[in-house]
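Heads up: the sequence lines are chains A and B, in that order.
Going by this note's numbering, the letters in the first sequence line up with residues 123 to 622, in that order.
Going by this note's numbering, the letters in the second sequence line up with residues 123 to 622, in that order.
Let me begin by presenting the structure, written as structure tokens, before commenting on it.
There are 2 protein chains.
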Amino acid sequence: MLKIYNSLTRKLEVFTAINAPYVGLYVCGPTVSGESHLGHARPYITFDILNRYLTFLGFKVRYVRNITDAGHFEEEGREAEDKIASKALLERLEPMELVQKYTNLFHWAMKEFNCLEPSIEPTATGHIIEQIEMIKKIIADGYAYEKNGSVYFDVEKYNVDFSVKGFPYGILSGRNLDDQLDSTRELDNQEEKKNKADFALWKSAPPEHIMRWPCPWGEGFPGWHIECSAMSNKYLGKTFDIHGGGMDLQFPHHECEIAQSTVCNGHMPVKYWMHNNMITINGRKMGKSYNNVIKLTEMFSGNHSLLDQAYSPMTIRFFILQTHYRSTLDFGNEALQAADKGLKRLMSAFATLQSFNTNQWSETANDLELKTQVNKLLQNFEEAINEDLNTAKVLSYMFELVPIINSLKGGQISQHAIDRMTIQLMQTQFQIYIEEIFGLKTENNASNDKLSGVMDVLLEIRNQAKSNKDFSTSDLIRDKMDALGIVIKDAKESSSWDLK
Amino acid sequence: MLKIYNSLTRKLEVFTAINAPYVGLYVCGPTVSGESHLGHARPYITFDILNRYLTFLGFKVRYVRNITDAGHFEEEGREAEDKIASKALLERLEPMELVQKYTNLFHWAMKEFNCLEPSIEPTATGHIIEQIEMIKKIIADGYAYEKNGSVYFDVEKYNVDFSVKGFPYGILSGRNLDDQLDSTRELDNQEEKKNKADFALWKSAPPEHIMRWPCPWGEGFPGWHIECSAMSNKYLGKTFDIHGGGMDLQFPHHECEIAQSTVCNGHMPVKYWMHNNMITINGRKMGKSYNNVIKLTEMFSGNHSLLDQAYSPMTIRFFILQTHYRSTLDFGNEALQAADKGLKRLMSAFATLQSFNTNQWSETANDLELKTQVNKLLQNFEEAINEDLNTAKVLSYMFELVPIINSLKGGQISQHAIDRMTIQLMQTQFQIYIEEIFGLKTENNASNDKLSGVMDVLLEIRNQAKSNKDFSTSDLIRDKMDALGIVIKDAKESSSWDLK
Numbered sequence: 123m124l125k126i127y128n129s130l131t132r133k134l135e136v137f138t139a140i141n142a143p144y145v146g147l148y149v150c151g152p153t154v155s156g157e158s159h160l161g162h163a164r165p166y167i168t169f170d171i172l173n174r175y176l177t178f179l180g181f182k183v184r185y186v187r188n189i190t191d192a193g194h195f196e197e198e199g200r201e202a203e204d205k206i207a208s209k210a211l212l213e214r215l216e217p218m219e220l221v222q223k224y225t226n227l228f229h230w231a232m233k234e235f236n237c238l239e240p241s242i243e244p245t246a247t248g249h250i251i252e253q254i255e256m257i258k259k260i261i262a263d264g265y266a267y268e269k270n271g272s273v274y275f276d277v278e279k280y281n282v283d284f285s286v287k288g289f290p291y292g293i294l295s296g297r298n299l300d301d302q303l304d305s306t307r308e309l310d311n312q313e314e315k316k317n318k319a320d321f322a323l324w325k326s327a328p329p330e331h332i333m334r335w336p337c338p339w340g341e342g343f344p345g346w347h348i349e350c351s352a353m354s355n356k357y358l359g360k361t362f363d364i365h366g367g368g369m370d371l372q373f374p375h376h377e378c379e380i381a382q383s384t385v386c387n388g389h390m391p392v393k394y395w396m397h398n399n400m401i402t403i404n405g406r407k408m409g410k411s412y413n414n415v416i417k418l419t420e421m422f423s424g425n426h427s428l429l430d431q432a433y434s435p436m437t438i439r440f441f442i443l444q445t446h447y448r449s450t451l452d453f454g455n456e457a458l459q460a461a462d463k464g465l466k467r468l469m470s471a472f473a474t475l476q477s478f479n480t481n482q483w484s485e486t487a488n489d490l491e492l493k494t495q496v497n498k499l500l501q502n503f504e505e506a507i508n509e510d511l512n513t514a515k516v517l518s519y520m521f522e523l524v525p526i527i528n529s530l531k532g533g534q535i536s537q538h539a540i541d542r543m544t545i546q547l548m549q550t551q552f553q554i555y556i557e558e559i560f561g562l563k564t565e566n567n568a569s570n571d572k573l574s575g576v577m578d579v580l581l582e583i584r585n586q587a588k589s590n591k592d593f594s595t596s597d598l599i600r601d602k603m604d605a606l607g608i609v610i611k612d613a614k615e616s617s618s619w620d621l622k
Numbered sequence: 123m124l125k126i127y128n129s130l131t132r133k134l135e136v137f138t139a140i141n142a143p144y145v146g147l148y149v150c151g152p153t154v155s156g157e158s159h160l161g162h163a164r165p166y167i168t169f170d171i172l173n174r175y176l177t178f179l180g181f182k183v184r185y186v187r188n189i190t191d192a193g194h195f196e197e198e199g200r201e202a203e204d205k206i207a208s209k210a211l212l213e214r215l216e217p218m219e220l221v222q223k224y225t226n227l228f229h230w231a232m233k234e235f236n237c238l239e240p241s242i243e244p245t246a247t248g249h250i251i252e253q254i255e256m257i258k259k260i261i262a263d264g265y266a267y268e269k270n271g272s273v274y275f276d277v278e279k280y281n282v283d284f285s286v287k288g289f290p291y292g293i294l295s296g297r298n299l300d301d302q303l304d305s306t307r308e309l310d311n312q313e314e315k316k317n318k319a320d321f322a323l324w325k326s327a328p329p330e331h332i333m334r335w336p337c338p339w340g341e342g343f344p345g346w347h348i349e350c351s352a353m354s355n356k357y358l359g360k361t362f363d364i365h366g367g368g369m370d371l372q373f374p375h376h377e378c379e380i381a382q383s384t385v386c387n388g389h390m391p392v393k394y395w396m397h398n399n400m401i402t403i404n405g406r407k408m409g410k411s412y413n414n415v416i417k418l419t420e421m422f423s424g425n426h427s428l429l430d431q432a433y434s435p436m437t438i439r440f441f442i443l444q445t446h447y448r449s450t451l452d453f454g455n456e457a458l459q460a461a462d463k464g465l466k467r468l469m470s471a472f473a474t475l476q477s478f479n480t481n482q483w484s485e486t487a488n489d490l491e492l493k494t495q496v497n498k499l500l501q502n503f504e505e506a507i508n509e510d511l512n513t514a515k516v517l518s519y520m521f522e523l524v525p526i527i528n529s530l531k532g533g534q535i536s537q538h539a540i541d542r543m544t545i546q547l548m549q550t551q552f553q554i555y556i557e558e559i560f561g562l563k564t565e566n567n568a569s570n571d572k573l574s575g576v577m578d579v580l581l582e583i584r585n586q587a588k589s590n591k592d593f594s595t596s597d598l599i600r601d602k603m604d605a606l607g608i609v610i611k612d613a614k615e616s617s618s619w620d621l622k
């Protein structure tokens, strides 16, 4: 019985699929006008866990995550020069080149995080027609109006008409219209709007704007919010199971999505809304003005003034899983270093556990108390994950088991203390939760690390053999290594490997 | 002076960019209705070399390679059941799920081949509006007509009118219209066409067709040929430098592209047309009826009845480069195994060459003849690549240098035979051609191979130490390896490592 917190009802609810075993899951994807940063890590890792867990439970998940590639796409510093229309086309900035570059980088980062690919990754530019059709319908129904080639959604009219039906504008965020007016950030072209709260469905493109499409209202490009309504509607239907995203998208983005779809379909589009909480950097909100927007490439390389060292994708993934997705999460060097150590400890215990040959274990346990304790902890995994995906709690149970695993290996706890079935269950549960559901894995550079470690051991043996005048051993090592393409460099006082 | 063979003029021509240093390059990309196969390897590796070489020459290349994701996209075996429209949307086959899956696989394979990403990878579904606009223009100009919601290009009218201007239909393939009629494969909806040679610009979608877009002629989807005209026009302009693709695309696809763009722009779209020749499998054309369409995943795993073993992406890349792109290329186990050996020999010599410390070389050469020979071979690289990208010739020159490199290492040729500058030039040229232009690299699994090799050496040393009763050494090895997470498994007669 998976329970998830529904932002719409503000309650923990038992998850039931609209049309089991199928589940439609939509997650707001990145805007690829720049490199992905730390703020992208949390939602995509959180909803990767959801996707993995639903799949593990036997659901057939259609996971749709969009790419926002339409709008104001300009490279910093190039804007001015590139708007000179007299330039040849090839010399001018092509926004789709930026889109390609940042989409590729995003995909690379997601792979590094071991996030499974969504079933469909639709782009805003790939669904201009669908967006135009939806806007036409909203205009026809009287909830949008055209002004100077732009189209705006009439929030006030929507709110009046749909409040009666039980879907006021603000139903998700719990804000009333007056609150919203004060916090709306969409300040451009205010003079074209009937009311300040109205938002753009379509924007007329000024002559120098490269991204533009013809439409019934002249040439332009879609507003921020319509793409997610159009694409979720197309691929998941008029009502679908789960819509996810960061809490910052709750208002206005998701509120607008609800309004757009509700006008078109006559009912609200989503059964469960899920929102992950925000991250902070050393206690501060992430923001350009604080100079603390850390790109993922900077996290992985450590190349940022706020970072003491590089943090691997798995360390970041593990760090994120250590906190419940609805709590805020603060990134800082100390916490990340602790996560790095914790992950190594967990993965090492996991490796140890998997190396146990369970055939050597007896059918009965000598230490019934320990057996009961272990089984209880293992059963708790499921309870915790079913409690609104509490990965943090699952990990805490795992860490209670880590010293037991290590003691079984070290002999401080006898093998006879626990029975075979318990050990086998522990192996299975760790494999399922660590690998399948949490998507944690041994880092790629592990084999390189091991290689250099092993080479160091051989070097030590060889140096020892040489000082013992055991030249047959030292020569053997040299020859064998040479055959592997590894050359020993003997300097005066030390020697080292040269790996090609 | 790069010369390339222009399929349009059937001549070797000196390459000059229309608007240097910019170069517009368009290559027809894959149709992602299925997994990429061997037929995809050659064009994308060939034009990757072109892209790399032009970039090396200092050109700023905008490389556009499309993804064909519109049309009849159905999963084998699922077609019938999925056309039952009564099913819920989530239960029905969604063509974009297939598109996503096969696009991901294609990207993965391209990465394995070390092909650089194109600057823009536009999709057909992402450019429906651009295609509709182009079709509208062709209809307005009188070279296309609508019939039952489909639109056809009027080939005969085009041929009559544009032959006068010097651009007859068939100008690229050299076929006259009568030849073409006999070989055209587009046999559906013949009754709607004015003439048999006419091709579809837009197809009306039958009710059960999931992929469909509204347009001035009702709902439907674009024909095969219009996407490349629309997308090359959008991103590279009305006349661009180079259009590449497989020879099988010359007719009718590229012929249609020329006709479409010429109507819209009044002149032909491309300065240089380049076509790679086809591959055969054991002397036979690749085709479903021969059961010899080998998927790339099958090549990499060896899991196909025609394959004796797995062939790595680099082996395939190297194999393709060993033949000039305009010659046919036959895939067979023997040839691939030879390529595998050849690549290893080349990469090993390359590693040896790079390990030479040139400071130890003298300023003058003792063997002037050898020095002259080496320098001549190195200069030939450029000449060969400039001769219509003759990678095969460059490789043959490299293989003349391989024994010299190996002899310099082994001492059969004295270091004093060649001067420092020659060695440095050799290092530079090998690095540029092997890595930068040919995109060859040491395979990823190399460090794993090395690791297992090194571990075997350590095991041998340990077993030897044990049999010599040198327990301090054997224990040292065990402890050090244990610390690296590598456990020795001692069985009765043998021992092995257990790597976690």
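Ideal Cβ placement from N, Cα and C applies to all residues, glycine included.
Counting along the chain, S158 of chain B sits inside no alpha helix (DSSP H), nor does DSSP assign it H or E at all. Interface annotation, S241 of chain B: in contact with chain A, CB-CB separation under 9 angstroms. Nearest neighbour of G342 of chain B by Cα position, chosen from B:N497, B:N173 and B:I251, turns out to be B:I251.
Only T595, L598, I599, K602, M603, A605, L606 and G607 from the region 595-607 of chain B bring a Cβ to less than 9 angstroms from some Cβ of chain A. For a Cβ distance threshold of 9 angstroms, nothing in chain B lies close to I556 of chain A: the least Cβ distance comes to about 13 angstroms. Cβ atoms of V186 of chain A and L130 of chain A stay farther apart than 8 angstroms, at about 19 angstroms. Proximity of chain B to R174 of chain A at the Cβ level (cut-off 9 angstroms) is not reached, the minimal Cβ distance being about 17 angstroms.
With fewer than 16 other Cβ atoms from the protein chains shown falling within 10 Å of its own Cβ, S449 of chain B counts as exposed.
In this structure, A231 of chain B sits away from I189 of chain B, with a CB-CB distance that is not shorter than 9 angstroms. For L418 of chain B, there are no neighbours in chain A by C-beta distance under 8 angstroms, as the nearest C-beta there is about 18 angstroms away. Under the DSSP assignment, M396 of chain B falls in the beta strand (DSSP E) whose first and last residues are V392 to N398. Annotation: Cβ neighbours of I251 of chain A in chain B (cutoff 7 angstroms, chain order): I250, I251, W335 and P336. Between N508 of chain A and the set A:C150, A:V145, A:L172 and A:G151, the nearest pair of CA atoms involves A:L172.
At a cut-off of 3 residues, the continuous stretches assigned as beta strand (DSSP E) that sit fully inside the region 303-378 of chain B are 321-326, 335-337, 340-344 and 362-368.
F453 of chain B is bridged by DSSP to B:I403. By the criterion of a C-beta distance shorter than 8 angstroms, I559 of chain B is surrounded in its chain by I171, R174, Y175, F178 and I507, once the five residues flanking it on both sides are discounted.
For N481 of chain B, the three-state secondary structure derived from DSSP is helix.
Within its own chain, the residues whose Cβ lies closer than 8 angstroms to the Cβ of W339 of chain A, once the five positions on either side in sequence are excluded, are E268, G271, S272, V273, W324 and S326, listed in chain order. The Cβ atoms of Y224 of chain B and V282 of chain B do not sit closer than 9 angstroms to each other.
By the 16-neighbour rule on beta-carbons within 10 angstroms, K315 of chain A is buried. Cβ-Cβ distances below 6 angstroms link G368 of chain A to P165 and N398 in the same chain, with the five nearest sequence neighbours on each side left out; the list follows chain order. Taking 9 angstroms as the CB threshold, G146 of chain A lines the interface with chain B. DSSP lists no bridge partner for Y166 of chain B.
The beta carbon of V496 of chain A sits closer than 7 angstroms to the beta carbons of L523, I526, I540, T544 and M548 from its chain, once the five residues preceding and following it are set aside; these are given in chain order. For the set B:T361, B:A471 and B:K591, the Cα lying nearest the Cα of V385 of chain B is the one of B:T361. In terms of Cα proximity to G180 of chain A, the closest of A:G151, A:A192, A:L160 and A:V145 is A:V145.
Of B:V286, B:H347 and B:P329, the smallest CA-CA separation from A192 of chain B is found for B:H347. By the Cβ-count criterion, A461 of chain B is buried, with 16 or more other Cβ atoms from all chains shown falling within 10 Å of its own Cβ. Proximity to T419 of chain B across B:G359, B:S434 and B:G405 peaks at B:S434, based on C-alpha coordinates. For a Cβ distance threshold of 8 angstroms, nothing in chain B lies close to P329 of chain A: the least Cβ distance comes to about 18 angstroms. Beta-bridge partners of V516 of chain B (DSSP): none assigned.
Straight through space, the alpha carbons of Q444 of chain A and K287 of chain A are spaced by roughly 41 angstroms. Rounded to the nearest whole angstrom, the C-alpha separation of L511 of chain A and L500 of chain A is 16 angstroms.
If you keep only unbroken beta strand (DSSP E) runs of at least 3 residues inside the region 257-290 of chain B, you get 266-269 and 272-275. If you look at I442 of chain A, you'll find it in the alpha helix (DSSP H) that goes P435 to L443.
In this structure, E255 of chain A lies near P336 of chain B, with their beta-carbon atoms less than 9 angstroms apart.
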